[in-house]
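Undergrad: There's a structure below that I have some questions on.
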Amino acid sequence: MHGPCRRRHSTALQPRRRRLAGTTVRAGDVAGQLAAGAILAIVALVDPAPAHAENEPDIDCSTVKAEASPQVVLTYCASRAFEEAEAVLSEQLEKTKAILAGWDDNLEPSVRGAEEALLQAQASWLVYRDQHCRAGGFFVRGGTMERMVVYQCMADATRKRTEELRFLAMGNGL
Numbered sequence: 247m248h249g250p251c252r253r254r255h256s257t258a259l260q261p262r263r264r265r266l267a268g269t270t271v272r273a274g275d276v277a278g279q280l281a282a283g284a285i286l287a288i289v290a291l292v293d294p295a296p297a298h299a300e301n302e303p304d305i306d307c308s309t310v311k312a313e314a315s316p317q318v319v320l321t322y323c324a325s326r327a328f329e330e331a332e333a334v335l336s337e338q339l340e341k342t343k344a345i346l347a348g349w350d351d352n353l354e355p356s357v358r359g360a361e362e363a364l365l366q367a368q369a370s371w372l373v374y375r376d377q378h379c380r381a382g383g384f385f386v387r388g389g390t391m392e393r394m395v396v397y398q399c400m401a402d403a404t405r406k407r408t409e410e411l412r413f414l415a416m417g418n419g420l
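Next comes the structure, spelled out in structure tokens:
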């Protein structure tokens with residue numbers, strides 16, 4: 247078959263390739279992926295400082311206006327908001343965990359489990375949040391807004407979870 251309709255290479259049948267540290271790795275090539283991961287791990291050990299710390303942009307996200315800012319700035323600010331929400335959640339989780347451990351201490355050993363229930367709930371919530379927000383990003387899938395939308399969702403969900411943990415620590419408001 248000749249002419250403009252003829253495909254030279256069938257991309258559907260060719261393995262996907264990724265470039266990492268100058269090496270081509272085929273998707274599904276476990277050994278190659280492990281080698282690439284090992285390279286990244288070695289780089290992380292040699293330079294333990296986070297790469298973003300020295301390349302942190304000088305952006306004041308409190309003054310960023312969505313209608314007048316490039317998408318990369320909006321995505322950066324959404325990621326910072328998520329990181330900040332995660333830090334507050336982590337602090338509240340530790341406080342709530344300590345309170346629930348105290349509740350457990352006041353119970354007979356056979357009926358304890360508040361702290362463990364909290365930890366299991368938190369692990370389940372993290373899976374829920376990540377998948378819920380990932381699903382929410384599909385309406386802009388593949389576009390430059392996708393990461394920003396996911397970060398915003400994760401920041402909002404994380405703030406709500408922080409409030410839930412505060413409420414729980416107060417004995418559910420009782």
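Take the sequence shown: its position 171, counted from the start at 1, is 417 in my numbering, and no numbers get skipped.
Cβ atoms here follow ideal geometry from the backbone N, Cα and C, with glycine treated the same way.
What is the DSSP secondary structure of residue 380, reduced to helix, strand or coil?
TA: Correct three-state label for residue 380: helix.
Undergrad: Following the continuous alpha helix (DSSP H) through residue 413, name the residue where it begins and the one where it ends.
TA: Counting along the chain, the alpha helix (DSSP H) containing residue 413 begins and ends at 392–415.
Undergrad: If you check the beta carbons only, do residue 323 and residue 305 fall under 8 Å apart?
TA: Yes, the Cβ-Cβ distance between residue 323 and residue 305 is below 8 Å.
Undergrad: Does DSSP put residue 375 in a helix, a strand or coil?
TA: The answer is helix: DSSP assigns residue 375 an H, G or I state.
Undergrad: Between which two residues does the alpha helix (DSSP H) holding residue 318 run?
TA: It spans 317–351 - the alpha helix (DSSP H) in which residue 318 sits, taken as one unbroken run.
Undergrad: List the whole-angstrom C-beta distance separating residue 310 from residue 318, where the pair is believed to meet the contact cut-off of C-beta under 8 Å.
TA: No, residue 310 and residue 318 are not in contact; Cβ-Cβ is about 11 Å, not under 8 Å.
Undergrad: Leaving aside the five residues before and after residue 307 along the sequence, list all residues of the same chain whose C-beta is less than 6 Å from its C-beta, in chain order.
TA: Correct list, in chain order: 323 and 326.
Undergrad: Check residue 302 in the structure and name its three-state DSSP category.
TA: Correct three-state label for residue 302: coil.
Undergrad: Assign residue 389 to one of two classes, buried (16 or more other C-beta atoms within 10 Å of its C-beta) or exposed (fewer than that).
TA: Answer is exposed; the Cβ neighbour count stays below 16.
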